[in-house]
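Numbering of the sequence shown is given in my numbering, commencing with residue 1 and proceeding in unit increments.
We treat Cβ as the ideally placed atom computed from N, Cα and C, and that holds for glycine.
First the structure, in the form of structure tokens, and then the observations on it.
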Amino acid sequence: MNTYATVVLAAGKGTRMRSTLPKVLHPLVGVPLLAHVLNAIEAIPSTFAFASFAATTHSYHPLVVLGHEASQVENAFGERCLYAIQQEQLGTGHALLSALDTVEKLEPLPQVVLVCYGDTPLVHSEMLARVLVEHLNHQATITFLTAYATLPSDFGRVVRDTAGRVQEIVEVKRATEQQKRIDEVNSGVYCFDSSWLWPSLQSLPRNASGEYYLTDLISIAALQGREIATVTGTLDEAIGINDRVQLAAAEQVLRRRILEQFMYAGVTIIDPATTYIDANVSIGSDTVILPGTMITGKTSIGSFCQIGPASTIDQSMIGDHCIIRNSALEEATLEDGVHVGPFSHCRPGAHLARNVRMGNFAEVKNSYIGAETDMHHFSYLGDATVGEHVNIGAGTITCNYDGVRKNHTDIGDGAFIGSDTMLVAPVKVGESAQTGAGAVVNRDVPPGSLVVGVPARVLRMPQPVDSSTKDGSEKE
Ligand code: UD1
Ligand code: CA
Numbered sequence: 001m002n003t004y005a006t007v008v009l010a011a012g013k014g015t016r017m018r019s020t021l022p023k024v025l026h027p028l029v030g031v032p033l034l035a036h037v038l039n040a041i042e043a044i045p046s047t048f049a050f051a052s053f054a055a056t057t058h059s060y061h062p063l064v065v066l067g068h069e070a071s072q073v074e075n076a077f078g079e080r081c082l083y084a085i086q087q088e089q090l091g092t093g094h095a096l097l098s099a100l101d102t103v104e105k106l107e108p109l110p111q112v113v114l115v116c117y118g119d120t121p122l123v124h125s126e127m128l129a130r131v132l133v134e135h136l137n138h139q140a141t142i143t144f145l146t147a148y149a150t151l152p153s154d155f156g157r158v159v160r161d162t163a164g165r166v167q168e169i170v171e172v173k174r175a176t177e178q179q180k181r182i183d184e185v186n187s188g189v190y191c192f193d194s195s196w197l198w199p200s201l202q203s204l205p206r207n208a209s210g211e212y213y214l215t216d217l218i219s220i221a222a223l224q225g226r227e228i229a230t231v232t233g234t235l236d237e238a239i240g241i242n243d244r245v246q247l248a249a250a251e252q253v254l255r256r257r258i259l260e261q262f263m264y265a266g267v268t269i270i271d272p273a274t275t276y277i278d279a280n281v282s283i284g285s286d287t288v289i290l291p292g293t294m295i296t297g298k299t300s301i302g303s304f305c306q307i308g309p310a311s312t313i314d315q316s317m318i319g320d321h322c323i324i325r326n327s328a329l330e331e332a333t334l335e336d337g338v339h340v341g342p343f344s345h346c347r348p349g350a351h352l353a354r355n356v357r358m359g360n361f362a363e364v365k366n367s368y369i370g371a372e373t374d375m376h377h378f379s380y381l382g383d384a385t386v387g388e389h390v391n392i393g394a395g396t397i398t399c400n401y402d403g404v405r406k407n408h409t410d411i412g413d414g415a416f417i418g419s420d421t422m423l424v425a426p427v428k429v430g431e432s433a434q435t436g437a438g439a440v441v442n443r444d445v446p447p448g449s450l451v452v453g454v455p456a457r458v459l460r461m462p463q464p465v466d467s468s469t470k471d472g473s474e475k476e
């Protein structure tokens, strides 16, 4: 049985981000940096590269090394990880050593330690698996991931001898001019033989920069004549996020990956350059995304929809055959066949049932709108329950806030709300009732009646139900 533990180094101060938020919590395509790294780690056992080892290899929860912002990160990831604290940020070698106490408590003790950095979110699980497999196959002391960079670059350089054997990784600040011209760089993913790693880390000297560099282990192993293997990946995967310029560069790479996945899965994206879709979004086939559209959070969109142009959709559920034009949705639910926009706003708790037509210039908040209901122009419905087949006339407004409380409005099936009606909540409009244009409704409207005026009064009550045919007696 092979055993490997994964340690993610994330205790650095992230000073170059100039942020109060810990670096690994900065979102990238809507997901914190660290989550990308954890996703890749957790997927190793199911990768293609790892297939022949999967059944005979044991792994553990990833162990994350954190610094002074530990509690924020622990709150975000909970029991998904194990945690270790690096009290003082004395470099990547020191950070890994801070994990030793926790690693020693693992049962069985891991033979191999896979190390990643919390700020390299683009690395694929397939690549991590390749490093691990290479390591297990070679029984190497160290195996690490390299890439070819375009120079200049701030990655550590991989120095090899004339026979191509790795001699050291040299950080840019300590590199000679000649070493700076080396384009093979360190991506920051390593596998170590654990029986060699821990004693070597404990004797790692503090270097001229006053830190303990993990990368200095390479030259130590090389001088001892130990086997050092490398795997070469792409530069995209190696992007490390040290500042917000690199954050934007990574966002661009990931965004392109996400859009391509959708396009291959049958979603038309008219203009990938102006379309932003987060990692946790799902979209059905034959949906078309028009330019200038941003779809974020945990959003799901069905098939045969048309989304955009210029729309933002966050944390929403959208059925099939929906059309959303120039509009904003947040935490909204749209059943099949709903049309929104142009220029409309569904706020949290908006639930539009089948075939609702909303907009232009309409807003719905915390309200259920029944199937086949129309609210076409300049309307606001807040804290309302609206039935089916209702017509909401232009300019209708639920006056839901009395300065203290939010009050509820109920509108029954088949009601007809005249243009410019003010519904002063709490208020109920009965089934099939009508309000006249400009009515200010501050009392409940009986089913089937017509109310008009300010304040609205009943103009016509519904015709009494004719029961004459049943009991035989005539009524006028
Ligand atoms: C590091 C590598 C470099 C490599 C690059 C790849 C070292 C010395 N250099 O450089 O060779 O090309 O990554 O992206 O390793 N950290 C701690 N505690 C510390 C210091 C850092 O936990 O005391 C963590 C950071 O949070 C970060 C990771 O280690 O996630 C890497 O540290 P960083 O300072 O970003 O190293 P780089 O300069 O990017
Ligand atoms: Ca970095």
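Where the alpha helix (DSSP H) containing residue i begins and where it ends
i, result
"ARG130", "125-138"
"ASP101", "100-104"
"ALA95", "92-97"
"GLU177", "177-180"
Nearest-angstrom Cβ-Cβ length linking residue i and residue j, presumed shorter than 8 angstroms
i, j, result
"GLY412", "VAL424", "No, GLY412 and VAL424 are not in contact; Cβ-Cβ is about 17 angstroms, not under 8 angstroms."
"GLU184", "TYR148", "6 angstroms"
"GLU251", "LEU28", "6 angstroms"
"LEU25", "VAL73", "6 angstroms"
"HIS321", "GLY337", "5 angstroms"
"ALA328", "SER311", "7 angstroms"
"HIS339", "PHE361", "About 14 angstroms; that fails the 8 angstroms criterion."
Residue i: CB within 8 angstroms of a non-hydrogen atom of ligand 2
i, result
"TYR212", "no"
Unbroken beta strand (DSSP E) run spanning residue i, endpoints
i, result
"ASP193", "184-193"
"GLU363", "363-365"
"GLU330", "328-330"
"GLU168", "166-170"
"LYS428", "427-429"
"MET422", "422-424"
"ASN2", "2-10"
"LEU82", "82-85"
"ALA147", "142-148"
"THR409", "409-411"
"HIS351", "350-352"
"TYR117", "112-117"
"VAL452", "450-452"
"ARG160", "157-160"
"ARG457", "457-460"
Ligand 1 heavy atom lying under 8 angstroms from the CB of residue i
i, result
"LYS485", "The chain is shown only over 1 to 476; residue 485 falls outside these bounds and no answer can be derived."
"GLN72", "no"
"GLN87", "no"
"ASP101", "no"
"ASP278", "no"
"ASP154", "yes"
"HIS68", "no"
"HIS124", "no"
"SER187", "yes"
"HIS36", "no"
"HIS26", "no"
"TYR117", "yes"
"VAL65", "yes"
"GLY319", "no"
"ALA394", "no"
(request) Identify every run of the beta strand (DSSP E) within the region 222-257, keeping only runs that are complete inside it and at least 3 residues long; order them along the chain. (result) Taking only runs of at least 3 residues, the beta strand (DSSP E) segments lying wholly in the region 222-257 are 228-232.
(request) Let me know the alpha helix (DSSP H) ranges lying completely inside the region 275-314, each 4 residues or longer, listed in chain order. (result) Along the length of the region 275-314, whole alpha helix (DSSP H) runs at least 4 residues long do not occur.
(message) Please enumerate, following chain order, all residues with a beta carbon closer than 5 angstroms to at least one heavy atom belonging to ligand 2.
(response) The set, ordered by position in the chain, is ASP119, GLY240, ASN242.
(message) Suppose only complete runs of 3+ residues qualify. What are the beta strand (DSSP E) ranges in the region 375-405, listed by chain order?
(response) Uninterrupted beta strand (DSSP E) stretches at least 3 residues long and entirely within the region 375-405 occur at 380-382, 384-386, 397-399, given in chain order.
(message) My parser needs the beta strand (DSSP E) runs of 3 or more residues fully inside the region 20-80; what are they?
(response) Runs of the beta strand (DSSP E) lying entirely within the region 20-80, each at least 3 residues long, are 57-59, 63-66 in chain order.
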